[in-house]
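The sequence shown begins at 1 in the numbering used here and counts up one residue at a time.
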Amino acid sequence: MIHDDRVYGRPLITYKATRIEIESSYSETGMFAYATDIQKIGYYAETEWIWINSAGGTSGSRGVSRVVARWHADGPLAVYDEVDGIWVVPALCKVNSIILYIESKGSSGSTVVDIEKSSDGGNAFVSMFDFADKPELVYNDTNHTAISATSAEQILLPGTLLRMNIDQIATGARNLSVTLNLTEYTSTTSTLLTIMGIA
């Protein structure tokens, strides 16, 4: 389902046909499909279908390559968008977890961060979270870290732009780090079909 430009649940997928049928009928950015004649997963990227070269097979295992994105903010924290620059997703990845670390948690309130994504080259960014799911650390928490997961399984396409925003700060909070843990899919076609809901 799409609401306010966000995809809830699985990506825009679950269509199987020949490559020619797919390329001549569907052109929604971010959509996945499976070409039965060439046995490849494809996704539509703004102006064309990109077909992923992956081995065939009936079993296969999910890729276990880990990809990590990090953002830092040193000194007193402030509400700000696009902290520490843009990070570009290098490959087809699944979001695993987001870890928020604050060295000095402050004296009152809480600090909330957001990670936004853009699939159109940075023209528009949307949050990867529902509001209640955003990573948050309260000033008097016994830990200096908070671990969050996105509200629905998310697959990120190569070239997706990511940025970290500080939405709210605890009074006196200082020195923040946000880590986004991803899994790069380097698996067989059959396994990709399973994780994307086509098989």
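Built from N, CA and C at the ideal position, the CB exists for glycine as well.
V68 and N165 - do their beta-carbons sit closer together than 8 Å? For the purposes of this step, residue 165 is taken as the residue at position 165 of the sequence shown. For the purposes of this step, residue 68 is taken as the residue at position 68 of the sequence shown. Going by C-beta atoms, N165 is not nearer than 8 Å to V68.
Could you give the DSSP three-state label for E23: helix, strand or coil? Here residue 23 refers to the residue found at position 23 of the sequence shown. It is helical.
Taking only three categories from DSSP, how would you classify H3? Position 3 of the sequence shown, counted from the start, is the residue given in the question as residue 3. Because H3 sits at a pLDDT of 46, beneath the cut-off of 50, its placement in the model cannot be relied upon, and the following sentence gives the value as read from the coordinates. Three-state result, H3: strand.
First and last residue of the uninterrupted beta strand (DSSP E) at K94: For the purposes of this step, residue 94 is taken as residue 94 along the sequence shown, with counting starting at 1. That run of the beta strand (DSSP E) goes 93-104.
If distances are taken between C-alpha atoms only, which option among L161, S107, I147 comes closest to N140? Mapped onto the sequence shown, residue 140 falls at position 140. Looking at the Cα atoms, S107 is the closest of the given residues.
Measure the C-alpha to C-alpha separation of Y80 and D74 and round it to an integer number of angstroms. The residue given as residue 80 occupies position 80 in the sequence shown. The residue given as residue 74 occupies position 74 in the sequence shown. Distance between the alpha carbons of Y80 and D74 is about 13 Å.
One question on the structure: do S119 and L157 come within less than 8 Å of each other, judged by their Cβ atoms? Taking the first residue of the sequence shown as 1, we reach residue 119 at position 119. Taking the first residue of the sequence shown as 1, we reach residue 157 at position 157. In contact: S119 and L157 (Cβ atoms closer than 8 Å).
Taking DSSP as the reference, what is the three-state secondary structure of D130? Residue mapping note: residue 130 aligns to position 130 of the sequence shown, counting from 1. In this structure, D130 counts as coil in the three-state DSSP scheme.
Let me check understanding here. Comparing Cα to Cα, which of Q168, M128, G122, S177 lies closest to H224? No answer is possible for residue 224: it lies beyond the span of the chain, which begins at 1 and ends at 199.
From the DSSP output, which residues share a beta bridge with L182? Translated into positions along the sequence shown, residue 182 becomes position 182. DSSP lists V67, V95 as partners of L182.
What are the residues that DSSP puts in a beta bridge with Q168? Reading the sequence shown from its first residue, position 168 is the one you call residue 168. DSSP lists V112 as partners of Q168.
For G240, collect the residues of the same chain with a Cβ closer than 6 Å to its Cβ; drop the 5 residues on either side in sequence, then sort them by chain order. What is shown of the chain runs 1 to 199, which leaves residue 240 out entirely.
Using a Cβ-Cβ cut-off of 8 Å (strictly less than) and excluding sequence neighbours within five positions of A149, which residues of its own chain qualify? One-based indexing of the sequence shown puts residue 149 at position 149. V95, N96, S97, I98, D133.
In terms of alpha-carbon separation, which member of T179, M128, I86, L137 lies closest to Q154? Here residue 154 corresponds to residue number 154 of the sequence shown, with the count starting at 1. Of T179, M128, I86, L137, the residue nearest in Cα terms is M128.
Would you call A55 buried or exposed, if buried means 16 or more other Cβ atoms sit within 10 Å of its Cβ? As a working mapping, residue 55 is identified with position 55 in the sequence shown. Confidence in A55 is poor, its pLDDT being 38 and thus under 50, which makes the residue's placement too unreliable to answer from.
Out of curiosity, what's the CA-to-CA distance linking W49 and T179? Sequence index remark: in the sequence shown, residue 49 carries index 49 (1-based). Sequence index remark: in the sequence shown, residue 179 carries index 179 (1-based). A straight-line Cα-Cα distance of about 31 Å links W49 and T179.
Suppose the cutoff is 6 Å on Cβ atoms and the five residues either side in sequence are ignored; what does the same chain contact list for I86 look like? Taking the first residue of the sequence shown as position 1, residue 86 is located at position 86. If we look at I86 and ignore the five residues flanking it on each side, its Cβ neighbours are L161, R163.
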